[in-house]
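Visitor: Next up is a structure, given as structure tokens.
Chains as they are written, first to last, in our numbering: chain D, 839 to 1237; chain Y, 22 to 267.
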């Protein structure tokens, strides 16, 4: 896992945070303590009613904590003026919360204006933010929210939350109301934006898959905000802390872990290749000698063109243009093993063709490579379990 | 705020046209009548203009007073602290509306004598509740998510009220005010009974004296005032309603 955080310095520090509502004998949130590092994307995940949203809203004090403390960048903000505090914390909600009677530009400008920025700076910032979330400022700035699609509205919501350049961003089920396609696009967009702005983000969701995809770390909430486990997605999937987490992560945890491994983590297999312009007879010799009984044809720019087997070369064609099975199953190193598996199961050919950013051939990843990696993951988890059990055993022995 | 497109103002030309036709028809019809001296005492430009002016003035002042009372009251009743008592307050005020405006006028007269003020107070008492109800509804229908978004961005409660709740309540509030004003224009004819003048004078004259031209003139003018006010209200609604909302 690449380290995406300024290690060590927590941007948010929640200590013994408790919320009791009048007339309820049990607290909604009970003595929750948690640190979120600067630049980290922390996901709160759990079933509805587990207190994750209440916890989120205590961070910007839309819900006032009954007891406990909140530190923002080393400063105790438990009792500062909430309005000033909230201008330093971006806030994105599921329903977007865009003001329908203000233009997109005016919506994005809200917090900078509250902060008293000069209007030239506000205007420049609005355009900058719209560009950041992939909306053309000239086209969208003067439109009203209802003239935009749901996905575009949610983007404006993110642009608005970032406009005041807050160090911290709170997102309450930001993609909950969008269709699966839009949701996935928005998730990718958020990761792209986050790679650019590196904010400290706390995101609430009830969708474990979303949590795995987005989170640097995941906090799995149990009953009444009990923190069942806090860890990286790989830790939560590979080593669930207790049966509750295991159940919540659900079936298919092994498959989900493949989401977390990028293709460049597994060694790509070299594969016999030939040029489209090569002599067909020489290529046939290559095919016959190859282990898999096929050769990958590349064009002049080293981009994959087709898989060629012995059958394709009998009778011997005059040249290799248009011969063989089109090689369409290409992925770049940023794709995950899950993507690779998906592509493999959906196409013919010896595996997924790994290409670089310009589409040039780099290697082939087959089912064997994926299975070998899964086996490695299993072995690692077992080693951890054994180590944990040993540690537990020695602790008990000492006691 | 600039006008937004042709659709925003379409359909507003009909009412002035009807008023013009009514007034033109009345004028042509009166020209064909032989008016006697009694009729002429009422049907002359000075008298008609004065009565119309009184009528308009009474209606507009009452409407403005209603707005001045209902808006702050409605805002108060939608604040978190008072939200729970709002239905009760509206019920109590509903009793006031059940009393006929004429009865209110007479009762007020017994205590305060006759005149413009009594007529205005009666009109206000009559239309306060429906307007107040619209203010409460108008603010109440603002999506709570917008209020939360505003608070979450660091807007104060006052800023949320002025920049989110009130602008978004404008269409509902103005519709209520406009309806109250138009009904008020009709009820204001009763002002004649408390000596506050208005077009009611002409109508009552027509009835008491048995002079049809006087009665018709008073009635048509009254209808025209109501139509004109309705039009002015519609224009105000179009102009003041926030853009970007249906």
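Every residue, glycine too, gets a C-beta built ideally from N, C-alpha and C.
Quick one: what does DSSP say residue 1059 of chain D is sitting in, helix, strand or coil?
Guide: In the first chain, the residue the question calls residue 1059 of chain D occupies position 221. Note: residue 1059 of chain D maps to strand in three-state DSSP.
Visitor: Can residue 1038 of chain D and residue 1006 of chain D be called in contact, C-beta distance under 9 Å?
Guide: Numbered from 1 along the first chain, position 200 holds the residue referred to as residue 1038 of chain D. Numbered from 1 along the first chain, position 168 holds the residue referred to as residue 1006 of chain D. A contact, by the Cβ cut-off of 9 Å.
Visitor: Specify, as a first and last residue, the run of the alpha helix (DSSP H) that residue 50 of chain Y falls within.
Guide: Here the question's residue 50 of chain Y lines up with position 29 in the second chain. Counting along the chain, the alpha helix (DSSP H) containing residue 50 of chain Y begins and ends at 35-52.
Visitor: Is residue 950 of chain D helix, strand or coil by DSSP?
Guide: Stepping through the first chain from its first residue, residue 950 of chain D is reached at position 112. Reduced to three states, the DSSP call for residue 950 of chain D is helix.
Visitor: Are the CB atoms of residue 968 of chain D and residue 943 of chain D nearer to each other than 9 Å?
Guide: The residue you call residue 968 of chain D lines up with position 130 of the first chain. The residue you call residue 943 of chain D lines up with position 105 of the first chain. Yes; because the gap between Cβ atoms is below 9 Å, this pair is in contact.
Visitor: On the CB-based measure, 16 or more other CB atoms within 10 Å of its CB, does residue 938 of chain D come out buried or exposed?
Guide: On the first chain, residue 938 of chain D is found 100 positions in, with the first residue counted as 1. When all chains shown are included, residue 938 of chain D counts as buried.
Visitor: Say whether chain Y places a C-beta atom closer than 9 Å to the C-beta of residue 935 of chain D.
Guide: Translated into the one-based positions of the first chain, residue 935 of chain D becomes position 97. By this cut-off, residue 935 of chain D is an interface position.
Visitor: Sorted by chain position, which residues of the same chain lie with C-beta nearer than 7 Å to residue 219 of chain Y's C-beta, five sequence neighbours on each side aside?
Guide: The sequence position of residue 219 of chain Y within the second chain is 198, counting from 1. Result list for residue 219 of chain Y: 72, 75, 76, 79, 209, 210, 212, 213, in chain order.
Visitor: Which residue marks the beginning of the beta strand (DSSP E) containing residue 882 of chain D, and which one marks its end?
Guide: Mapped onto the first chain, residue 882 of chain D falls at position 44. Counting along the chain, the beta strand (DSSP E) containing residue 882 of chain D begins and ends at 879-883.
Visitor: Nearest chain Y C-beta to residue 973 of chain D closer than 9 Å, yes or no?
Guide: For the purposes of this step, residue 973 of chain D is identified with residue 135 of the first chain, where counting begins at 1. By this cut-off, residue 973 of chain D is not an interface position.
Visitor: Would a check of beta-carbon distances place residue 903 of chain D closer than 9 Å to chain Y?
Guide: In the first chain, the residue the question calls residue 903 of chain D occupies position 65. No, residue 903 of chain D does not count as interfacial toward chain Y.
Visitor: How big is the Cα-Cα spacing for residue 226 of chain Y and residue 56 of chain Y?
Guide: As a position in the second chain, residue 226 of chain Y is number 205, starting the count at 1. As a position in the second chain, residue 56 of chain Y is number 35, starting the count at 1. Rounded to whole angstroms, residue 226 of chain Y to residue 56 of chain Y spans 15 Å at the Cα level.
Visitor: Exposed or buried, residue 228 of chain Y, counting other C-beta atoms within 10 Å across all chains shown (16 or more means buried)?
Guide: Reading the second chain from its first residue, position 207 is the one you call residue 228 of chain Y. Label assigned to residue 228 of chain Y: exposed.
Visitor: List the DSSP bridge partners of residue 183 of chain Y.
Guide: Walking along the second chain from the start, residue 183 of chain Y turns up at place 162. Partner(s): none; residue 183 of chain Y has no beta bridge.
Visitor: Take residue 235 of chain Y and list the residues in its own chain whose beta-carbon comes closer than 7 Å to its own, dropping the five residues that flank it on each side.
Guide: Position 214 of the second chain, counted from the start, is the residue given in the question as residue 235 of chain Y. If we look at residue 235 of chain Y and ignore the five residues flanking it on each side, its Cβ neighbours are 60, 63, 64, 223, 226, 227.
Visitor: Do the stretch 171-185 of chain Y and the stretch 120-130 of chain Y meet, that is, are 3 or more Cβ pairs less than 8 Å apart?
Guide: no
Visitor: For the stretch 936-949 of chain D, which residues have a CB atom closer than 8 Å to at least one CB atom of chain Y, in sequence order?
Guide: Residues of the stretch 936-949 of chain D with a Cβ closer than 8 Å to any Cβ of chain Y, in chain order: 936, 937, 938, 939, 940, 941, 948, 949.
Visitor: Alpha carbon to alpha carbon, what distance is there between residue 1122 of chain D and residue 1162 of chain D?
Guide: Residue mapping note: residue 1162 of chain D aligns to position 324 of the first chain, counting from 1. Residue mapping note: residue 1122 of chain D aligns to position 284 of the first chain, counting from 1. The straight-line gap from Cα to Cα measures roughly 12 Å.
Visitor: Hey, quick one: how far does the alpha helix (DSSP H) through residue 933 of chain D stretch, first residue to last?
Guide: Walking along the first chain from the start, residue 933 of chain D turns up at place 95. No alpha helix (DSSP H) contains residue 933 of chain D, which DSSP labels as neither H nor E.
Visitor: Note down, in chain order, every chain Y residue with its Cβ under 8 Å from the Cβ of residue 925 of chain D.
Guide: By one-based count along the first chain, residue 925 of chain D stands at place 87. Neighbours of residue 925 of chain D on chain Y, chain order: 174, 175.
Visitor: Taking the continuous beta strand (DSSP E) assigned at residue 908 of chain D, which residues delimit it?
Guide: By one-based count along the first chain, residue 908 of chain D stands at place 70. That run of the beta strand (DSSP E) goes 905-910.
Visitor: What does the alpha-carbon distance come out to for the pair residue 1178 of chain D and residue 1211 of chain D?
Guide: The sequence position of residue 1178 of chain D within the first chain is 340, counting from 1. The sequence position of residue 1211 of chain D within the first chain is 373, counting from 1. Computed Cα separation, rounded: 13 Å.
Visitor: DSSP has residue 929 of chain D in a bridge; who is on the other side?
Guide: Residue numbering aside, residue 929 of chain D sits at position 91 when the first chain is read from its first letter. D/1008.
Visitor: Answer with buried or exposed for residue 254 of chain Y, where buried requires no fewer than 16 other C-beta atoms within 10 angstroms of its C-beta.
Guide: Walking along the second chain from the start, residue 254 of chain Y turns up at place 233. With 16 or more other Cβ atoms within 10 Å, it is buried.
Visitor: Distance check for residue 847 of chain D and residue 1190 of chain D, CA to CA, integer angstroms please.
Guide: Here the question's residue 1190 of chain D lines up with position 352 in the first chain. Here the question's residue 847 of chain D lines up with position 9 in the first chain. Those two C-alpha atoms are separated by around 41 Å.
Visitor: From residue 841 of chain D to residue 878 of chain D, what does the alpha carbon distance come to, in whole angstroms?
Guide: Residue numbering aside, residue 841 of chain D sits at position 3 when the first chain is read from its first letter. Residue numbering aside, residue 878 of chain D sits at position 40 when the first chain is read from its first letter. With a pLDDT of 45 at residue 841 of chain D, under the threshold of 50, the modelled position of this residue cannot be trusted; read the value that follows with caution. Near 10 Å, if we compare the C-alpha coordinates of residue 878 of chain D and residue 841 of chain D.
Visitor: Which residues in chain Y sit within 8 Å of residue 931 of chain D, going by Cβ to Cβ distance?
Guide: Residue mapping note: residue 931 of chain D aligns to position 93 of the first chain, counting from 1. Residues of chain Y with a Cβ closer than 8 Å to the Cβ of residue 931 of chain D are, in chain order, 166, 169, 170, 173.
Visitor: Are any of the Cβ atoms in chain D nearer than 9 Å to that of residue 96 of chain Y?
Guide: For the purposes of this step, residue 96 of chain Y is taken as the residue at position 75 of the second chain. No, residue 96 of chain Y does not count as interfacial toward chain D.
Visitor: Where in the stretch 1009-1076 of chain D do unbroken runs of the alpha helix (DSSP H), each at least 4 residues long, occur, reported from the N-terminal end onward?
Guide: 1018-1035, 1046-1052, 1071-1076
Visitor: Tell me which same chain residues have a C-beta within less than 7 Å of the C-beta of residue 1083 of chain D, skipping the five on either side of it?
Guide: In the first chain, counting from the first residue as 1, residue 1083 of chain D sits at position 245. Here the set comprises 1058, 1066, 1067, 1074.
Visitor: So that I know if they touch, is there some Cβ in chain Y lying closer than 9 Å to that of residue 998 of chain D?
Guide: Counting from one through the first chain, the residue named residue 998 of chain D turns up at place 160. At least one chain Y Cβ lies under 9 Å of residue 998 of chain D.
Visitor: Given this structure, state the Cα-to-Cα distance separating residue 987 of chain D from residue 999 of chain D, to the nearest angstrom.
Guide: Taking the first chain and counting its residues from 1, the one referred to as residue 987 of chain D is at position 149. Taking the first chain and counting its residues from 1, the one referred to as residue 999 of chain D is at position 161. Distance between the alpha carbons of residue 987 of chain D and residue 999 of chain D is about 18 Å.
Visitor: What residues match up with residue 1143 of chain D in a beta bridge as DSSP calls it?
Guide: Within the first chain, numbered from 1, the residue matching residue 1143 of chain D stands at position 305. DSSP output for residue 1143 of chain D lists no bridge partner at all.
Visitor: Would you tell me roughly how many angstroms separate the C-alpha atoms of residue 22 of chain Y and residue 920 of chain D, rounded to the nearest one?
Guide: Locating residue 22 of chain Y in the second chain gives position 1, counting from the first residue. Locating residue 920 of chain D in the first chain gives position 82, counting from the first residue. Low confidence applies here, because residue 22 of chain Y scores a pLDDT of 40, under 50, leaving its location unreliable; read the following figure in that light. Using only the alpha carbons, I get a separation of about 33 Å.
Visitor: For residue 1182 of chain D, collect the residues of the same chain with a Cβ closer than 7 Å to its Cβ; drop the 5 residues on either side in sequence, then sort them by chain order.
Guide: For the purposes of this step, residue 1182 of chain D is taken as residue 344 along the first chain, with counting starting at 1. Once the five neighbours on either side are set aside, the close Cβ partners of residue 1182 of chain D are 1189, 1190, 1205.
Visitor: Does DSSP put residue 126 of chain Y in a helix, in a strand, or in coil?
Guide: Working through the second chain from its first residue, we reach residue 126 of chain Y at position 105. Note: residue 126 of chain Y maps to helix in three-state DSSP.
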